[in-house]
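For any residue, its number in my numbering is found by taking its place in the sequence shown, counting from 1, and adding 20. The next block holds one structure in the form of structure tokens; read it before the comments.
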Amino acid sequence: MTAAKEDIINKLRKDILQWEGFRPPQPGAAGSIGLGPIENAFPNGVFPTGAIHEFASLCPEDTAACGGFVAGLVKTLLDQGGACLWISWSRRIYPPSLKLFGVEPDRVVFADVPLMKDVLWVTEEALKCEGVAAVICEVNQMNFMESRRLQLAVEQSHVTGFVIRKGANKVSASASVARWRVTQVPSQLRPGMPGVGFPRWQVELLKVRNGSLVAGQLNGQKACLKQLCHKLV
């Protein structure tokens, strides 16, 4: 009887992980989104898709860093087909700049919502569309109930959602699978070459459901996360 109960519990744990986006890699598939050691913080060592990822931004510079980092993640998702929706109340991103991260601007649909209070509602409706590869949302505030609605939406559609919270000075409860903090660090020059150099980010996983916390620096090269050099600090 004890062995049977253990089998049932283990089966439930695996089912819950899959419902939350933590799916084991498929046979013959790489199963990696290109985050190196940081990716090992997730259950099964696989970046969770079909889930909500929350990014905490404290200042406009951090918001720009979050946008670049998310664009690199979306590039990998777009390689599998579909389009991306970028929803915001006051958009600051310059669409042609997405090419620096391997994303063609015509693969992204920008939705500029007139009222800030409607941003999360539009995001929830977009996350219900199964043909969408990813949905990015820029918002100032999000409570637990609102985050829960987003997470329930992606559990049905298996769309990956990224919520960039601007001015997130206070940590609040959230139903998101992971909470990230991405900040800018000085760029890295190419060997023997002048100029600005490759973008670099300090990436921290502040919360990982059923995983472990980790921090590291990602050095951007050719604007694609799969081509990043990874180094834990």
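Cβ coordinates follow ideal geometry from the N, Cα and C atoms, glycine included.
| task | Would you tell me roughly how many angstroms separate the C-alpha atoms of leucine 255 and aspartate 99, rounded to the nearest one? | result | Only positions 21 to 253 of the chain appear in the structure, and residue 255 is not among them; the question remains open.
| request: Apply the 10 Å Cβ neighbour rule to glutamate 145 and answer buried if 16 or more other Cβ atoms are within range, or exposed otherwise. | output: Looking at its Cβ environment, which holds fewer than 16 other Cβ atoms inside 10 Å, glutamate 145 is exposed.
| Given a threshold of 16 other Cβ atoms within 10 Å of its Cβ, counted over all protein chains shown, does alanine 24 qualify as buried or as exposed? | It is exposed - the Cβ of alanine 24 has fewer than 16 other Cβ atoms within 10 Å.
| query | glutamine 171 and alanine 198: beta carbons closer than 8 Å? | reply | no
| query | Taking three-plus beta-carbon pairs below 8 Å as touching, is the stretch 109-124 in contact with the stretch 140-154? | reply | no
| message | Here's the rule I'm using: 16 or more other beta-carbon atoms within 10 Å means buried, otherwise exposed. How should arginine 185 be labelled? | response | buried
| request: Go ahead and pull the three-state DSSP assignment for glycine 181. | output: When secondary structure is reduced to three states using DSSP, glycine 181 falls in the strand class.
| query | Excluding sequence positions up to five away, which residues of its chain have a Cβ less than 7 Å from the Cβ of isoleucine 53? | reply | Glu59, Phe67, Leu93, Thr96, Leu245
| query | When DSSP labels each residue in this structure, what does lysine 119 get in the three-state scheme? | reply | helix
| field | Short Cβ contact (8 Å threshold) for valine 183 with tryptophan 200 | value | It is not a contact, given that the beta carbons lie outside the stated cut-off.
| request: Run through the stretch 74-143 for me and flag every whole beta strand (DSSP E) of 3 or more residues, listed as ranges in chain order. | output: 103-108, 128-132
| field | For proline 63, the three-state DSSP class (helix, strand or coil) | value | When DSSP states are grouped into helix, strand and coil, proline 63 belongs to the helix group.
| query | Can you tell which of Ala154, Leu225, Ala131 has its C-alpha closest to the C-alpha of threonine 69? | reply | Minimum Cα distance to threonine 69 is reached at Ala154.
| Which stretch, first to last residue, makes up the beta strand (DSSP E) that contains arginine 229? | Element bounds for arginine 229: n/a, residue is neither H nor E.
| task | Please determine, among Val179, Ile156, Lys190, Leu140, the residue with the shortest C-alpha to C-alpha distance to serine 167. | result | Leu140
| field | Coarse secondary structure for glutamate 166, derived from DSSP in three states | value | helix
| Exposed unless 16 or more other CB atoms sit within 10 angstroms - verdict on proline 47 | Residue confidence for proline 47 is low, a pLDDT of 41 falling below 50, so the modelled location carries little weight; the figure read from the coordinates is stated next. Exposed, by the Cβ-count rule.
| said: So for proline 206, helix, strand or coil by DSSP? | reply: strand
| With C-beta atoms as the reference, is serine 108 less than 8 Å away from aspartate 138? | no
| field | Inter-residue spacing [alpha-carbon to alpha-carbon] between leucine 32 and glycine 88 | value | Their Cα atoms are separated by approximately 36 Å.
| query | If we count the other Cβ atoms within 10 Å of its Cβ and call it buried at 16 or more, is aspartate 126 buried or exposed? | reply | exposed
| task | Name the one or two DSSP bridge partners that valine 159 has. | result | Beta-bridge pairing links valine 159 to Arg185.
| request: Have a look at glycine 135 and valine 159 and give me their C-alpha separation to the nearest angstrom. | output: Per the sequence presented here, residue 135 reads as leucine, with glycine not at that position. Cα-Cα distance, rounded: 11 Å.
| query | With a CB to CB cut of under 6 Å and the five nearest residues on each side skipped, what residues in its chain are close to leucine 209? | reply | Hits under 6 Å: Gly217.
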